[in-house]
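Quick note, this note's numbering runs 9 ahead of the 1-based positions in the sequence shown.
Written below as structure tokens is the structure these notes are about.
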Amino acid sequence: METEIIGDIVKKLNLRFAQVKNVIELLAQGSTIPFIARYRKELTGSLDEVQIRDIQKSYQDLLDLKERKLFILKTIEEQGQLTQELEHKILQAIDLMALEDLYAPYKKKKKTKSDIAKEHGLQPLADLLLLQLKEDFYPKLNNYYSDLFFDDEMVLRGARDIIAEMVHQNDTLRNVMRNLFMQSALITSKVIKSKEIEAVKFKDYFQYSELLKKCPSHRYLALCRGEDEKMLRVSLEVDDDRMLNTIFHQYLKNSSQASQQVKLAIEESYDRLLKPLLIAQVRQIIKEQSDDIAIKVFAKNLKQLLLEAPLGQKHVLAIDPGYRSGCKIVCLDSTGSLLAYETIYPHPPVDERAKGLQIIRSLVKNFNVTDIAIGDGTAGKETFEWLQESLQLPEVNLHSISEQGASIYSASDLARAEFPDLDVTIRGAISIGRRLMDPLAELIKIDPKSIGVGQYQHDVNQKLLREHLDDVVLFCVNAVGVNLNTASSYLLSYVSGLSAALSEQIVQYRMQHGAFESREALKRVPRLGPKAFEQCAGFLRIRNGKQILDNTGIHPERYELIEKISKDLGLSKEELIRSKNLNKQIKLDQYISDDVGVETLTDIFKELEKPGLDPRGGFSVFAFDTSIKKIEDLNEGMVLPAIVTNLTKFGAFVDLGIKTTGLIHVSEMSSKFINDPIEVLTLREKIYAKVIQIDLTRGRILMSIKDISWRYVESMNSN
Numbered sequence: 010m011e012t013e014i015i016g017d018i019v020k021k022l023n024l025r026f027a028q029v030k031n032v033i034e035l036l037a038q039g040s041t042i043p044f045i046a047r048y049r050k051e052l053t054g055s056l057d058e059v060q061i062r063d064i065q066k067s068y069q070d071l072l073d074l075k076e077r078k079l080f081i082l083k084t085i086e087e088q089g090q091l092t093q094e095l096e097h098k099i100l101q102a103i104d105l106m107a108l109e110d111l112y113a114p115y116k117k118k119k120k121t122k123s124d125i126a127k128e129h130g131l132q133p134l135a136d137l138l139l140l141q142l143k144e145d146f147y148p149k150l151n152n153y154y155s156d157l158f159f160d161d162e163m164v165l166r167g168a169r170d171i172i173a174e175m176v177h178q179n180d181t182l183r184n185v186m187r188n189l190f191m192q193s194a195l196i197t198s199k200v201i202k203s204k205e206i207e208a209v210k211f212k213d214y215f216q217y218s219e220l221l222k223k224c225p226s227h228r229y230l231a232l233c234r235g236e237d238e239k240m241l242r243v244s245l246e247v248d249d250d251r252m253l254n255t256i257f258h259q260y261l262k263n264s265s266q267a268s269q270q271v272k273l274a275i276e277e278s279y280d281r282l283l284k285p286l287l288i289a290q291v292r293q294i295i296k297e298q299s300d301d302i303a304i305k306v307f308a309k310n311l312k313q314l315l316l317e318a319p320l321g322q323k324h325v326l327a328i329d330p331g332y333r334s335g336c337k338i339v340c341l342d343s344t345g346s347l348l349a350y351e352t353i354y355p356h357p358p359v360d361e362r363a364k365g366l367q368i369i370r371s372l373v374k375n376f377n378v379t380d381i382a383i384g385d386g387t388a389g390k391e392t393f394e395w396l397q398e399s400l401q402l403p404e405v406n407l408h409s410i411s412e413q414g415a416s417i418y419s420a421s422d423l424a425r426a427e428f429p430d431l432d433v434t435i436r437g438a439i440s441i442g443r444r445l446m447d448p449l450a451e452l453i454k455i456d457p458k459s460i461g462v463g464q465y466q467h468d469v470n471q472k473l474l475r476e477h478l479d480d481v482v483l484f485c486v487n488a489v490g491v492n493l494n495t496a497s498s499y500l501l502s503y504v505s506g507l508s509a510a511l512s513e514q515i516v517q518y519r520m521q522h523g524a525f526e527s528r529e530a531l532k533r534v535p536r537l538g539p540k541a542f543e544q545c546a547g548f549l550r551i552r553n554g555k556q557i558l559d560n561t562g563i564h565p566e567r568y569e570l571i572e573k574i575s576k577d578l579g580l581s582k583e584e585l586i587r588s589k590n591l592n593k594q595i596k597l598d599q600y601i602s603d604d605v606g607v608e609t610l611t612d613i614f615k616e617l618e619k620p621g622l623d624p625r626g627g628f629s630v631f632a633f634d635t636s637i638k639k640i641e642d643l644n645e646g647m648v649l650p651a652i653v654t655n656l657t658k659f660g661a662f663v664d665l666g667i668k669t670t671g672l673i674h675v676s677e678m679s680s681k682f683i684n685d686p687i688e689v690l691t692l693r694e695k696i697y698a699k700v701i702q703i704d705l706t707r708g709r710i711l712m713s714i715k716d717i718s719w720r721y722v723e724s725m726n727s728n
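Written out as structure tokens, the structure reads:
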């Protein structure tokens with residue numbers, strides 16, 4: 010581990026040296042991010058999983074940069090062109106772009122105009138012109154004639170080609186110019202002719218111009234999408250005279266004939282080489298920055314979605330609505346197992362509503378159903394309204410459930426393995442019901458990108474997005490904890506320290522030997538070694554086992570400490586658990602040691618007071634305004650119940666129970682300045698929102714939560 014690299018990370022992330030050093034060491038030892046964040050707070054200074062992930066990424070990026078530097082140094086040295094000054098510059102390069110600027114002149118590339126001119130002996134002439142002497146150089150030009158350059162103008166053009174490439178490859182100049190572009194460039198867009206109707210969703214950008222540095226990430230990604238779909242022509246515009254004057258200031262010495270040739274070379278270099286490169290580089294920088302911001306928003310959205318409150322272990326009837334093909338109905342027991350399934354046809358063209366109601370009421374009665382989950386896709390709104398008006402079972406709650414990704418899961422290998430004999434639509438209905446019961450356990454079966462975590466999720470760096478979303482899933486599963494005796498191998502594979510193979514081993518062992526009676530029994534699972542046990546044990550729960558602490562988030566490595574605390578207080582472990590105000594009963598100082606600090610003790614006491622507390626909170630019932638069936642039913646000033654379906658940097662999208670989604674712009678969230686909607690709202694949160702503008706042409710509904718009581722009150726709208 011290199012002190013210099015750690016120092017760079019400390020500066021970049023504004024952390025302490027020891028925090029960064031310890032995190033890197035723990036990662037190198039095979040510790041996972043959830044384990045480090047939860048059980049090694051003394052070493053990290055209580056860094057959360059996002060900060061630890063940032064350290065991990067920064068460290069890897071710097072290692073990659075170092076490796077690239079070594080490759081470049083070796084390559085240039087083998088060419089015999091490595092000077093002490095160049096070596097110093099390469100070693101001091103702070104990012105990949107600056108490094109590649111330095112390497113550019115030495116890269117193997119297709120032969121350029123400059124290379125051809127050099128091969129024909131025009132380098133000395135280029136050097137002479139750069140001196141910008143006031144003497145007349147024209148009489149000497151015939152000394153540079155060759156078979157390819159056989160007159161004065163051709164010779165001068167060749168010399169200018171050499172100078173143009175020298176200007177283009179000047180790394181210091183590139184950096185100055187790049188910064189100028191970043192600060193002063195305008196980003197503009199125009200609709201492509203004949204695409205006005207087809208490109209209506211990009212109407213805001215038909216004639217658009219903005220200072221690039223002020224263009225928010227979501228807007229830049231929208232422009233990129235319009236460009237990729239060949240609806241918009243996007244470009245960067247700069248003050249070319251200002252840019253050229255910056256280069257002239259560095260190169261031009263006087264107004265001699267030679268200076269005029271250098272000036273011509275600079276103009277050609279700027280137009281042909283430098284400007285196109287800078288535009289590409291600046292757009293790459295802005296795209297990477299926009300991707301980074303967007304991916305972080307998507308990650309926050311996914312985290313909130315996965316940590317949505319579960320209904321819990323109740324008997325559920327779930328409906329995957331449809332018109333012509335009917336509504337698929339399933340009944341699930343409290344564990345999510347399938348009890349029965351039916352198909353009803355309450356909508357046109359069949360319209361068998363009475364028969365459908367009879368079937369649903371019968372299923373509710375026969376299987377003690379307490380809640381009905383209705384998919385929000387095709388015919389979802391109509392099915393919800395129909396049952397709300399006609400079911401007349403006040404003891405049964407109705408829930409509108411997002412179908413996003415359900416069809417992908419129902420056709421997956423995972424779904425086929427669990428229900429090989431069922432139609433995909435029945436599997437989809439099962440998934441909808443299970444999403445109500447336990448969103449986390451069901452949603453992890455689906456590729457996070459298919460859940461719909463962000464408006465531009467398909468436009469960003471897919472590898473980076475995948476890494477971030479996988480990290481979120483891992484964090485959420487471990488934050489909630491997993492029941493060791495009921496979890497599938499798929500769910501177990503997301504537990505810290507457990508691979509897919511180890512998870513399968515655990516399930517096989519459980520099938521052969523029965524339920525685990527303790528976490529300690531995990532050590533008997535083949536190929537589950539000490540490191541894997543250390544990493545996974547604290548996140549696995551055993552209910553009604555031999556060791557009461559096994560159903561808490563307390564790690565087995567701290568059981569001896571719990572025994573000591575119990576003994577000191579004269580309490581059994583059972584009595585110790587749920588004891589109130591332990592912090593007041595115990596002096597923390599007496600239990601602090603080299604590896605157990607205040608942070609760990611505080612976590613332990615929280616677990617003892619509320620063992621196995623689900624961080625997802627309590628469940629609340631929700632209902633839309635049934636008088637609103639389409640956008641035309643809305644009026645400005647209406648206050649409606651809504652569910653937050655997506656959070657972006659510029660606002661929140663909300664479901665109103667109709668086809669058209671509402672938008673609450675960040676400026677309409679509070680009378681105070683809000684930097685990020687996530688400061689106010691959470692994904693899938695139930696709220697009230699006021700309609701402030703309706704655009705029927707574009708199908709847009711603008712809403713506000715300013716100056717109203719927007720927090721949802723269940724009693725006002727529950728069934």
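Backbone N, C-alpha and C fix where the C-beta goes; we use that ideal spot for every residue, glycine too.
Everything numeric in this text was worked out from a predicted model, so none of it was measured.
L558 counts as buried, since no fewer than 16 other beta carbons sit within 10 angstroms of its beta carbon. In the structure shown, K116 falls within a coil segment according to DSSP collapsed to helix, strand and coil.
Taken through DSSP and simplified to helix, strand or coil, E427 comes out as helix. By the neighbour-count criterion, in which a residue is buried when 16 or more other Cβ atoms sit within 10 angstroms of its Cβ, R587 is exposed. If you draw a 10 Å sphere on the C-beta of G579, you find fewer than 16 other C-beta atoms in it, and that means exposed.
Annotation for P457: the continuous alpha helix (DSSP H) segment containing it runs P457 to I460. When DSSP states are grouped into helix, strand and coil, A698 belongs to the strand group. A distance below 8 angstroms between beta-carbons, with the five flanking residues on each side excluded, links R281 to the following residues of its chain, in chain order: A173. Between S527 and the set Y48, P539, Q521 and P565, the nearest pair of CA atoms involves P565. For A541 and E476, the gap between their C-alpha atoms comes out near 22 angstroms. Between the beta-carbon of L314 and that of R693 there is about 6 angstroms, and that keeps the pair under the 8 angstroms contact cut.
Nearest C-alpha to K619 among D213, K589 and H227: K589. Rounded to whole angstroms, the Cβ separation of C336 and A349 is 14 angstroms, and the two are not in contact under 8 angstroms.
Put simply, of A388, E317, Q413 and S371 the residue whose alpha carbon is nearest the alpha carbon of L402 is S371.
Secondary structure of S203 (DSSP, three-state): coil. Of all alpha-carbon atoms in K212, L617, L326 and L221, the one lying nearest the alpha-carbon of Q293 is that of L221. Residue pairing by DSSP places E246 opposite L195 in a beta bridge.
Per DSSP, the beta-bridge partners of T352 are K337. In the three-state reduction of the DSSP assignment, Q216 falls in the strand class.
Annotation for I667: K390, I637, K638, K639 and I640 place their beta carbon closer than 7 angstroms to its own, counting only its chain and skipping 5 residues before and after. Positions of the alpha helix (DSSP H) runs, each at least 4 residues long and wholly inside the stretch 511-556, are given as 539-545 in order along the chain. Within the same chain, and ignoring the five residues on either side of Q702 in sequence, the residues whose Cβ sits closer than 8 angstroms to its Cβ are E645, R709, I710 and L711. Look at the beta carbons and you see the stretch 143-161 not touching the stretch 194-210: under three pairs across the two are nearer than 8 angstroms.
Judged by DSSP in its simplified three-state form, H258 adopts helix. Around the beta carbon of L622, fewer than 16 other beta carbons lie within 10 angstroms, which makes this residue exposed. The beta carbon of I696 sits closer than 6 angstroms to the beta carbons of A651, W719 and Y721 from its chain, once the five residues preceding and following it are set aside; these are given in chain order. Between the beta-carbon of G547 and that of R47 there is about 7 angstroms, and that keeps the pair under the 8 angstroms contact cut.
A straight line joining the alpha-carbon of Q298 with that of L672 spans about 24 angstroms. Apart from the 5 residues on each side of it in sequence, G130 sits with its Cβ closer than 8 angstroms to the Cβ of Y153 and S155 in its chain, given in chain order. Taking the Cα positions, T434 is about 37 angstroms away from I302. Runs of the alpha helix (DSSP H) lying entirely within the stretch 396-484, each at least 4 residues long, are 415-419, 422-427, 433-446, 448-452 and 457-460 in chain order. Listed in chain order, the non-local C-beta contacts of P225 below 7 angstroms within the same chain comprise K658 and F659, local neighbours out to five positions each way being set aside. In this structure, DSSP gives V491 an extended state, which the three-state scheme calls strand.
Remark: C-beta atoms of D329 and G437 approach each other more closely than 8 angstroms. Rounded to the nearest whole angstrom, the C-alpha separation of H674 and L232 is 19 angstroms.
CA-CA distance, T121 to T92, rounds to 24 angstroms.
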